[in-house]
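Report on one structure; see the data block that follows.
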Amino acid sequence: MVSEEYRGAKQWSRDKQAVFTVLWISFLSAPVGTMVFFALFDPVELSGLFHEGLDLSSNAGYAVGFFFFWIFALACSALTAFLVRTAPKRDAAHRDE
Amino acid sequence: MPHTAMSDANPASMYASAKKIYPREIGGRFANLSKLATIVLLGLFYLVPWLTWDDRQAFLFDLPARKFYLMGLTLWPQDFPYLALLLIIAALSLFFFTALAGRLWCGFACPQTVWTEAFIWMEQFTEGTRSQRMKLDKAPWSWNKLRRKGSKQLLWVTFSLWTGFTFVGFFTPIRELGAEFVSFSVGGWTLFWSLFYGFATYGNAGYMREQVCKYMCPYARFQSAMFDKDTLIISYDEKRGEPRGRRKRSVDPKQAGLGDCIDCTLCVQVCPTGIDIRKGLQYECIACAACIDACDSVMDKMNYPRGLVRYTTEHAMQSKQTHVFRPRMMVYAVLLMVLIGSLVTSMAQRTPIILDIIRDRNTLYRELPGDVIENSYTIKLINQSNDARLFRISVSGVEGIWLDGIEDTIRVDGGGVVSLPVRVRAQRNNAYGIMKIDFLAEAMDETGDKRKEDSRFLGPTP
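Protein chains in written order, with the numbering used here: chain A, 547 to 643; chain B, 2 to 463.
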């Protein structure tokens, strides 16, 4: 009867699980997107395209790219998690199918 | 309250209930292995940026210059396929080792595990053993508590900041970065990324720990798909251990009707994820093998054979044959060998020259006096090696075709790019319609490095 000790061990609530999973997975995806994107495009050359005289340093370009990909993935993950978690439950009659 | 047969164990440390997991420190074979892995991996991380090669940082991912230096090798954005191939190989190796020996990655190599281990060392150094930590957390605030907690935070924060600094040191020359930090002249983004990575380390390794594995890690959820009955897993030998129960060391378990498990609960106390391995394989188990060390030490004390909790396979547990060479392993191994082979050969055959041919889009062709047809191109020649080289450029594919307006030898600095506008000419009777031509850049040295790119040559319709 040992694991009594751990029955009280810290467990995350469903909301906390969702928030941190969404944050973390999008955080892991962002560098992949950033890497592929900037292997193809140079941020210094790109910054000239959007706005004449917008003189972004390459470091700032990479940072903007990273956060763009993070926020993009975050929005996608968050929406998916939200829809999955708030979907109407199937009624009992359909549950055994 | 149950009691234990272990006379030297401190009862107070054993049955206190916990909201937070306080992993108990344990020595043994696997603990030593994991210490070694932590020291080697963290050592590599913290030392590698300081290595130099030919007067520059040996491993530097120079993002502003868009060049990756790996010792003598310089990789360009054009070499991205190598990186992609390397990542695929890494993922497949993970599958291979998971099928072979379970979650080796989780227990010994994952940065989450490795940094958590280092943070736990600092915690033990400042706050003491498991029981001392539990007592300290329960105790009211005192000078002692403040001092111990404060020094833990000081160690953690310093270590995290150093980690963030080292991380950025892979992307910015670390010696210059160090000087900038010392003189408080560090750039905004550099500072931001250092703090960002440092904070992530602090949060993940100091506080979230096993929660990351339990709730946030995708690999932890799908790794069971790579398991089969021949995969090495950590298991409790139920047949041998049950019925569990406490007994004096002098009691013969067979006569008392007991199995070998003395129910000392050490295996649970040492578990960093707080599970009871005796309930069978659980997805929270990161295969750190701390429970094996704990149980072996108890078995030794009781003079029972080791291995009540051990690395084994499901087949072995059922007294069946374990197959190491099974179809799944063969498929992973063959795929891995093919991919590694193709990476090695393509890297070996890689010539450090890039040739880009851009045809002038404004005019199809020009007719010159003397029945000569001319097309214009811009040639971009990149020298990926670290030294300046001389090149010769030639063109072929149409009879009597020649280049105009280009020097015989072109010098390109190490890592440099040269843009050359050239005119290609051919006699009218040889050039009609759309023809494929080849440009060739040859290095004028003994290496014989060359690079061929094709393009189109347009002439009048016949």
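Glycine residues also receive a C-beta, built at the ideal position from the N, C-alpha and C atoms.
Shown here for residue 590(A): same chain residues with a beta carbon closer than 6 Å to its own, the five before and five after excluded, namely 604 in chain order.
Around the beta carbon of residue 256(B), a 10 Å sphere encloses fewer than 16 other beta carbons of the protein chains shown; the residue is thus reported as exposed. Think of a sphere of 7 Å around the beta carbon of residue 67(B): the chain A residues whose beta carbon falls inside it are 588, in chain order. The Cβ of residue 216(B) sits closer than 7 Å to at least one Cβ of chain A. In chain order, 605, 606 and 609 make up the part of chain A whose C-beta sits under 7 Å from the C-beta of residue 190(B). Secondary structure note for residue 224(B): it is in no alpha helix (DSSP H), with a DSSP letter that is neither H nor E.
Boundaries of the beta strand (DSSP E) around residue 403(B): 403 to 405. The closest CA to that of residue 315(B), considering only 307(B), 274(B), 289(B) and 237(B), is found on 237(B). In this structure, the beta-carbon distance from residue 156(B) to residue 199(B) does not fall below 7 Å.
The Cβ atoms of residue 559(A) and residue 619(A) do not sit closer than 7 Å to each other.
No Cβ-Cβ contact shorter than 7 Å links residue 27(B) with residue 269(B). Three or more beta-carbon pairs separated by less than 8 Å link the segment 299 to 306 of chain B to the segment 259 to 267 of chain B, which places the two stretches in contact. With a contact defined as Cβ atoms closer than 8 Å, residue 100(B) and residue 227(B) qualify at about 5 Å. Close partners of residue 212(B) in chain A (Cβ separation under 7 Å): 558. Around residue 571(A), the beta-carbon contacts reaching into chain B at under 8 Å are 217 and 219.
Residue 54(B) is bridged by DSSP to 57(B). Nearest CB-CB separation between residue 624(A) and chain B: not below the 7 Å threshold. Here the segment 123 to 136 of chain B makes no contact with the segment 314 to 330 of chain B; the two share fewer than three CB pairs at distances below 8 Å.
Contact annotation: the segment 208 to 219 of chain B touches the segment 564 to 573 of chain A, with at least three C-beta pairs closer than 8 Å. Beta-bridge pairing by DSSP links residue 456(B) to 438(B).
For residue 240(B), the enclosing alpha helix (DSSP H) starts and ends at 239 to 242. DSSP, reduced to helix, strand and coil, places residue 420(B) within a strand of the structure shown.
Between the C-alpha atoms of residue 343(B) and residue 82(B) there is a straight-line separation of about 12 Å. Beta-bridge partners assigned by DSSP to residue 380(B): 358(B) and 421(B). Judged by beta-carbon spacing, residue 352(B) lies within the 7 Å limit of residue 452(B), meaning their Cβ atoms are closer than that value.
For residue 566(A), at least one C-beta of chain B is nearer than 7 Å to its own C-beta.
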